[in-house]
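First residue of the sequence shown: 1, per the working numbering; consecutive thereafter.
Ideal Cβ positions, reconstructed from N, Cα and C, are used throughout, including at glycine.
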Amino acid sequence: MIPRIGILGTGHIATFVCRGLRRMGWQGNLIVSPHNNDKASLFSERFNAVVGSSNQDVVDQSDIVMVSVRAGQQEILLSDVIWPDHVVLLSVMAGVTREELETLVGDQVEIVRAMPVSAAEIGKSPTVLFPAHSEVQRLLSTVGSVIPFGTEAEFEAATINAAVYGWLFDLIDELITVNISAGLSADQSREVVAGTLEAASAVAAQSHVDSGQLIRSLATPGGITEQGLNVIQSREANAAWSAAFQSVLDRIRPEHSGK
């Protein structure tokens with residue numbers, strides 16, 4: 001049976017996921033919260049969603065309910081909802097723990113956390129998940145790969161890669177700019193940069209050797225790969241990426257700040 005999916009909070013992540021589900025041919029029912037009339041109408045028009053009469057109505061009609069609001073808004077959203085035991089709460093909120101959600105809906109409710117990225121809309125999101133849940137995994141595998149984790153601490157650390165995903169677009173923009181400066185057209189630059197990153201990602205995902213060994217195999221002495229790496233390393237560019245990752249980790253795990 002295809003699960004009925006409720007949507008509480010029509011934020012960016014819910015939009016990416018619903019667009020991806022429909023684009024990938026998912027035929028299940030979507031029921032959306034009426035809280036924001038404009039967005040509810042958009043979901044109805046674009047994703048063939050039914051607009052519920054209330055948040056409670058959305059939950060009552062669903063098998064899985066995706067909660068997609070900013071951290072801090074969950075209390076207002078969920079405080080008046082009675083959550084049936086059989087309905088899975090799928091949270092895509094960053095930084096809101098399962099324990100915090102249990103205080104709002106009860107510890108008898110199945111709570112699953114996930115963090116898709118915008119690539120869900122083209123079926124390419126690497127979605128991290130905690131805990132493993134077969135029905136949720138089947139749903140989210142429609143919009144990409146699903147990577148389950150065994151502890152919430154691991155999951156929290158893995159969610160930082162959703163931010164890394166955003167940072168990579170800044171790197172992509174810089175690489176496109178320098179290619180244009182070298183004489184390529186904007187379209188050529190975009191194609192070669194995106195293709196190069198896609199190729200490197202595919203090799204990294206499928207290789208049986210570590211990334212350090214891959215780098216050494218490519219950076220032959222006196223070659224252009226080695227030359228460029230020397231410049232990058234001399235300017236400590238990789239240290240900046242590590243510092244950015246650590247800054248976000250410190251934010252979501254303040255008890256480990258600076259460690």
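Check, Outcome
"Using only the alpha-carbon positions, how far apart do residue 83 and residue 105 sit?", "6 angstroms"
"Can at least three beta-carbon pairs, one atom from the stretch 112 to 120 and one from the stretch 13 to 29, be found at a separation below 8 angstroms?", "yes"
"Can residue 69 and residue 58 be called in contact, C-beta distance under 8 angstroms?", "no"
"Which of the three DSSP states, helix, strand or coil, is assigned to residue 130?", "strand"
"Do the stretch 44 to 64 and the stretch 17 to 35 meet, that is, are 3 or more Cβ pairs less than 8 angstroms apart?", "yes"
"Quick check on the burial criterion: 16 or more other C-beta atoms within 10 angstroms. Buried or exposed for residue 43?", "buried"
"Kindly indicate the opening and closing residues of the alpha helix (DSSP H) around residue 212.", "211 to 218"
"Quick one: residues in its chain with C-beta nearer than 6 angstroms to the C-beta of residue 229, no 5 flanking neighbours on either side, listed in chain order?", "219"
"For a test of the three-state rule: what should DSSP assign to residue 13, helix, strand or coil?", "helix"
"Beta-carbon separation of residue 144 and residue 131 under 8 angstroms?", "no"
"Can you give the Cα-Cα distance for residue 183 and residue 202, rounded to whole angstroms?", "28 angstroms"
"Which residue wins for smallest C-alpha separation from residue 129, given the options 122, 53, 112?", "112"
"Run through DSSP, which three-state label would residue 2 get?", "coil"
"If you follow the alpha helix (DSSP H) that residue 58 is part of, which residue opens it and which one closes it?", "55 to 60"
"Output the distance between the C-alpha atoms of residue 259 and residue 7, rounded to the nearest integer angstrom.", "For residue 259, the predicted structure reports a pLDDT of 49, less than 50, and the residue's modelled location is therefore unreliable. A value from the coordinates is still provided. Distance between the alpha carbons of residue 259 and residue 7: 38 angstroms."
"Mind the definition here: the stretch 152 to 165 touches the stretch 175 to 182 only if three or more C-beta pairs lie below 8 angstroms; say whether that holds.", "no"
"Nearest to residue 102 by alpha carbon, out of 122, 166, 123, 79?", "79"
"Please determine, among 9, 60, 27, 247, the residue with the shortest C-alpha to C-alpha distance to residue 37.", "9"
"Helix, strand or coil for residue 94, going by three-state DSSP, please let me know.", "coil"
"Smallest Cα separation from residue 147: which of 114, 168, 123, 122?", "114"
"Compare the C-alpha of residue 3 against each of 237, 27, 199 and name the closest.", "27"
"Measuring CA to CA, which of 71, 171, 155 is closest to residue 93?", "71"
"Quick check on residue 119: does DSSP put it in helix, strand or coil?", "helix"
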